[in-house]
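Be aware that the sequence shown starts at 39, since it is given in the numbering used here, and climbs by one per residue. All residues carry an ideal CB built from backbone N, CA and C; glycine is no exception. Take a look at the structure set out below.
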Amino acid sequence: MARVELSPAFEDVDADILVQLIADMIERLMAHNDQIPLSPESLTRFHSRNPPGISVLDYLRRIVRFTKAERLCLLITLHYIDQICARMPLFTLSSLTCHRFVITSVTVSSKALCDAFCTNSLYAKVGGIPLTELNLLEREFLRMIDWRLTCTREILHEYYVNLVRTHSKGIYYIAGHESSSSISSDSDMDWETGRSRSVSPAATLAPESPRPPTLEQNMAFAAFQQESRRSSQGS
39 MARVELSPAF EDVDADILVQ LIADMIERLM AHNDQIPLSP ESLTRFHSRN
89 PPGISVLDYL RRIVRFTKAE RLCLLITLHY IDQICARMPL FTLSSLTCHR
139 FVITSVTVSS KALCDAFCTN SLYAKVGGIP LTELNLLERE FLRMIDWRLT
189 CTREILHEYY VNLVRTHSKG IYYIAGHESS SSISSDSDMD WETGRSRSVS
239 PAATLAPESP RPPTLEQNMA FAAFQQESRR SSQGS
């Protein structure tokens, strides 16, 4: 399969390609977390009774189509996942929580970071949930991230580069960041990359902050928790 070179700036990449990259990462995270047994203390407002009948990829495409969500708002969802998992270790992004989390994230980030955004009524309709439910989810989401709605452009750039590098099909690459052999498989998911020299310190959303735990670190932590539960139950 021919490989496709992507723009070094996430703001310039085709929106549907960015959606594919994000969906690929989230779906792998969900596949891992769906193996973790639910416990009463881990249930949140984001949990649905059953997994929605639409894939993450199609759901993200639907959101972009009807809300014109900006690339920034899509990419920062990964940062929010890391923030919340670091603050609330029992929370996992699974097939029961993902869709509500994503539509809430786009709703919150669009209003915080964009000059133009939709009404909650439209976001709720696009997300397939009642307006009253989205309003509650929005308040809960803000509480979970402690109202920390921004991060630096440099951090978002790292997410973008790592999404490309760890994409399961390995068909995309960013010239100057990876060679054709370095975009790898699930065994190479440590998210270790250098920071872009082209990033201007002025092009930031907020002052520099410590690098948060990565999605992969949270996956490892979730696996550790699962094994600890099994050990305690067996003792």
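*asked:* On a Cα-Cα basis, can you pick out the residue from Val51, Ser45 and Leu67 that is closest to Met206?
replied: In the sequence as displayed, the identity of residue 206 is Ser instead of Met. That would be Leu67, whose Cα lies nearest to the Cα of Ser206.
_Quick check on this structure: which residue in Asn200, Lys163, Leu151 and Val144 has the alpha carbon closest to the alpha carbon of Phe179?_
Proximity to Phe179 across Asn200, Lys163, Leu151 and Val144 peaks at Val144, based on C-alpha coordinates.
Going by the CB atoms, is the gap between Ala213 and Leu187 shorter than 8 Å? no
Query raised in the report: Closest by CA to Arg120, which one among Ile193, Glu43 and Arg203?
Result: Looking at the sequence itself, residue 120 is Asp, so the reference to Arg does not match. For the set Ile193, Glu43 and Arg203, the Cα lying nearest the Cα of Asp120 is the one of Ile193.
Next item on the list: Answer with buried or exposed for Ala107, where buried requires no fewer than 16 other C-beta atoms within 10 angstroms of its C-beta.
Entry: buried
Original post:
Cα-Cα, which of Cys111, Met63 and Leu131 is closest to Gln73?
Top reply: Ranking Cys111, Met63 and Leu131 by Cα distance to Gln73 puts Leu131 first.
| Delimiting residues of the beta strand (DSSP E) encompassing Ser43 | Sequence inspection shows Glu at residue 43; the Ser mentioned does not correspond to that position. Its beta strand (DSSP E) spans residues Val42 to Leu44.
>> Considering only their Cβ atoms, is the gap separating Val57 from Leu95 smaller than 8 Å?
In response: yes
**Asked** Where does Val146 land, buried or exposed, given buried means 16+ other C-beta within 10 angstroms?
**Response** Val146 counts as buried, since no fewer than 16 other beta carbons sit within 10 angstroms of its beta carbon.
Practice item. Run the CB neighbour count on Asn71, radius 10 Å, all protein chains shown included, and call it buried at 16 or more, exposed below. Key: buried
**OP:** With DSSP as the reference, label Ile92 as helix, strand or coil.
**Re:** Looking at Ile92 - three-state DSSP - the assignment turns out to be coil, as it is neither helix nor strand.
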